[in-house]
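For the sequence shown, counting from 1, position 142 maps to 138 in the numbering used here; every step adds exactly one.
Backbone N, C-alpha and C fix where the C-beta goes; we use that ideal spot for every residue, glycine too.
Taking it in order: structure first as structure tokens, then the write-up.
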Amino acid sequence: RKRSLFFQFFSIQIILIFASIFVSVFFSTKTLIDIINEKTETEQESICNLIVNMLPEKGFVSLYNAQDFAFRASAGTRIRLTLIQYSGSVLADSHSDPSVMDNHFNRPEIQQALSGSIGRSSRYSTTMREAMYYTAIPVSNRNLIVRTSISVENIKRQIKYIYIRLTLSTLVILFFASVIAYFIAKST
């Protein structure tokens, strides 16, 4: 009889512990993913604004000058920088030859930038052959759009790291909680 009561009490404690930890981990993970996405948006926007402030006052003398600017501005970073004219033609790109690139006028982030707001989208890049997160800012006095992009894989790596850490810490907590619940149940 005492053994049966012990197992009932222990089982209830374990179920409550598992449920509360599961709910906590679920909401923590969702919150952390939202924070990473918001951080990525903010960083991309800041980088775009920095690039806008670095643009030469008198514009680019040549396409080579624009391409050189794109390479230098993104050197040593994971950021891809693209300078796009309001017509959608690519003026410069830090990772590709703009003369072979498609017109970007219909890209979602470009359309948003042309409407005067900050353009954002996440989609597959045919140029880079991977999923990218884009941010585009219009520079109206130059009829130019500054667009940055980062690989979605970088963002996924951060999220995977969080999942691994949360899983490991959850398993440790569950182990110790189970041991404590066992001794509490046994003492009753």
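query: Where Y120 and A127 are concerned, what is the direct C-alpha to C-alpha distance, given to the nearest angstrom?
result: 4 Å
- request: Have a look at the DSSP bridge pairing and note the partners of Y130.
  value: S117 and S145
field: Helix, strand or coil at A88 according to DSSP, with G and I counted as helix
entry: strand
query: Would you say I13 and A181 are within 8 Å of each other, going by their C-beta atoms?
result: no
message: To the nearest angstrom, how far is the alpha carbon of R138 from that of E37?
response: 24 Å
task: Would you tell me roughly how many angstroms separate the C-alpha atoms of R76 and L167, rounded to the nearest one?
output: 39 Å
query: Looking at the unbroken alpha helix (DSSP H) that takes in R68, where does it start and where does it end?
result: L59 to S70
message: Counting beta carbon pairs with one atom in the region 101 to 111 and one in the region 76 to 89, are three or more of them shorter than 8 Å?
response: yes
Residue from V86, L170 and S113 with nearest C-alpha to L59: V86
task: Give the secondary structure of L153 by DSSP, where H, G and I count as helix, E and B as strand, and everything else as coil.
output: A small correction: the amino acid at residue 153 is Arg; Leu does not occupy that position in the sequence shown. Helix.
message: Could you compute how far the alpha carbon of A109 sits from the alpha carbon of G115?
response: 5 Å
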